[in-house]
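K.L.:
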Amino acid sequence: MSWNDDISYAFTLHKFVALPIGVWPLQKYDIFSRMRSVVCGLSLSAMMIVLILEVTCGDNSMYTKLDAIMLLTCNLVSVLKLLFYHLYADNLIHNFSSAVDDYLAIDTEKKRAIMRRHAFLGKIICYNVVFPAYVASTIFMIMPLITSNESAQVNISIKNPAENLAFPMMWTLRDFHISQNSYIWISIVQYILLMLNSSCNCGNKLIIDIKKKSVYLLLLLN
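The sequence shown maps to residues 107 to 328 in my numbering.
#1: Output the distance between the C-alpha atoms of residue 200 and residue 274, rounded to the nearest integer angstrom.
#2: Counting pairs of Cβ atoms below 8 Å between the stretch 222 to 232 and the stretch 274 to 292, do you hit three or more?
#3: Straight-line CA distance for residue 219 to residue 297?
#4: Under a Cβ-count criterion, where at least 16 other Cβ atoms within 10 Å of its own Cβ denotes burial, should residue 308 be classed as buried or exposed?
#5: Would residue 236 be called buried (16 or more neighbouring beta carbons within 10 Å of its own) or exposed?
#6: Could you tell me how far apart the beta carbons of residue 178 and residue 158 are, in whole angstroms, since I believe they sit closer than 8 Å?
#7: Short of 6 Å in beta carbon distance, which residues of its chain neighbour residue 328, apart from the five on each side in sequence? Order them along the chain.
#8: Report the rounded CA-to-CA distance for residue 232 versus residue 283, giving the unit in angstroms.
#9: Just mark residue 123 as buried or exposed, buried being the case when its beta carbon has 16 or more other beta carbons within 10 Å.
#10: Could you spell out the range, first to last residue, of the alpha helix (DSSP H) harbouring residue 285?
#11: Exposed or buried, what is residue 127 when buried is set at 16 or more other beta-carbons lying within 10 Å of its beta-carbon?
#12: Alpha carbon to alpha carbon, how far is residue 281 from residue 268?
#13: Compare the beta carbon distance of residue 185 and residue 151 with 8 Å and say whether it is the shorter of the two.
#14: Classify residue 160: buried if its beta carbon has 16 or more other beta carbons within 10 angstroms, exposed otherwise.
#15: Mark residue 234 as exposed unless 16 or more other C-beta atoms lie within 10 angstroms of its C-beta, in which case mark it buried.
#16: Take residue 114 as the anchor and find which of 155, 135 and 209 has the nearest alpha-carbon.
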């Protein structure tokens with residue numbers, strides 16, 4: 107196995123989470139990478155606006171509004187993380203590039219074993235952070251379908267379908283007739299936004315964790 111394979115072993119999972127949202131420090135910085143971050147930021151900002159309207163103007167139950175406030179807080183944190191990443195991107199790019207250069211400079215099997223052991227621990231941490239976030243988003247998405255009453259499932263016209271969305275949009279969609287196909291598409295968009303929210307929160311955290319792990323590993327090797 108070459109050194110490049112070792113680096114891929116350590117960073118591939120983190121790259122899989124961070125690259126789609128444009129916060130992977132070793133990516134090629136062009137218009138496409140910036141557009142990914144812009145699209146993520148705008149999508150989460152639009153979700154924040156809808157949640158604010160639902161909390162302030164809607165007549166949803168208290169529990170529904172608490173869920174909306176929770177999602178609103180998570181969205182705000184995600185947008186801030188995206189913003190702060192790009193404000194300090196140069197420092198992170200320099201640190202990651204230096205870490206890769208140091209990994210390539212490892213010339214003994216003992217140091218290589220140390221690197222792989224810490225890379226394995228880093229992957230375990232990544233799984234423990236990312237997997238529960240995605241599972242929680244999935245559960246949050248399907249819970250309204252599980253808890254909705256049987257009559258609403260048999261005839262969706264009896265009850266406003268907006269009440270059974272992952273985050274209800276009773277006020278936002280109050281003047282629109284929602285067909286079953288529209289309900290499915292809105293649910294898909296909401297699920298994508300929930301997964302995007304999870305990636306933005308976890309992806310930025312993983313980038314910081316990689317930085318800390320790299321510094322600790324270099325100190326250990328020296």
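Glycine included, C-beta positions come from ideal geometry on N, C-alpha and C. Since this is a predicted model, take the numbers as computed values, not measurements.
P.N.:
To lay it out plainly:
#1: For the purposes of this step, residue 200 is identified with residue 94 of the sequence shown, where counting begins at 1. For the purposes of this step, residue 274 is identified with residue 168 of the sequence shown, where counting begins at 1. Roughly 43 Å separates the two Cα atoms.
#2: no
#3: Indexing the sequence shown from 1 puts residue 219 at position 113. Indexing the sequence shown from 1 puts residue 297 at position 191. About 40 Å.
#4: Reading the sequence shown from its first residue, position 202 is the one you call residue 308. Classification of residue 308: buried, given that the 10 Å Cβ count is 16 or more.
#5: Counting from one through the sequence shown, the residue named residue 236 turns up at place 130. Buried, because 16 or more other Cβ atoms sit within 10 Å of the Cβ of residue 236.
#6: Numbered from 1 along the sequence shown, position 72 holds the residue referred to as residue 178. Numbered from 1 along the sequence shown, position 52 holds the residue referred to as residue 158. Between residue 158 and residue 178 the Cβ distance is about 7 Å, and since that is below 8 Å, they are a contact.
#7: The residue you call residue 328 lines up with position 222 of the sequence shown. The predicted position of residue 328 is uncertain, since its pLDDT is 46 and thus under 50; a value taken from the coordinates is nonetheless stated next. Cβ neighbours of residue 328 beyond the five flanking positions: none.
#8: The residue given as residue 232 occupies position 126 in the sequence shown. The residue given as residue 283 occupies position 177 in the sequence shown. Their backbone Cα atoms lie some 42 Å apart in a straight line.
#9: Taking the sequence shown and counting its residues from 1, one reaches residue 123 at position 17. Residue 123 is buried by the Cβ-count criterion.
#10: Residue 285 sits at position 179 when you count from the first residue of the sequence shown. No alpha helix (DSSP H) contains residue 285, which DSSP labels as neither H nor E.
#11: Reading the sequence shown from its first residue, position 21 is the one you call residue 127. Per the 10 Å Cβ criterion, buried.
#12: Your numbering for residue 281 matches position 175 in the sequence shown. Your numbering for residue 268 matches position 162 in the sequence shown. Their Cα atoms are separated by approximately 11 Å.
#13: The count along the sequence shown starts at 1 and reaches residue 185 at position 79. The count along the sequence shown starts at 1 and reaches residue 151 at position 45. Yes.
#14: As a first step, residue 160 is located in the sequence shown; it is residue number 54 there, counting from the start. Under this definition residue 160 is a buried residue.
#15: As a working note, residue 234 is residue 128 in the sequence shown. With fewer than 16 Cβ atoms within 10 Å of its Cβ, residue 234 is classed as exposed.
#16: Within the sequence shown, the letter at position 8 stands for residue 114. Considering only alpha carbons, the answer is 209.
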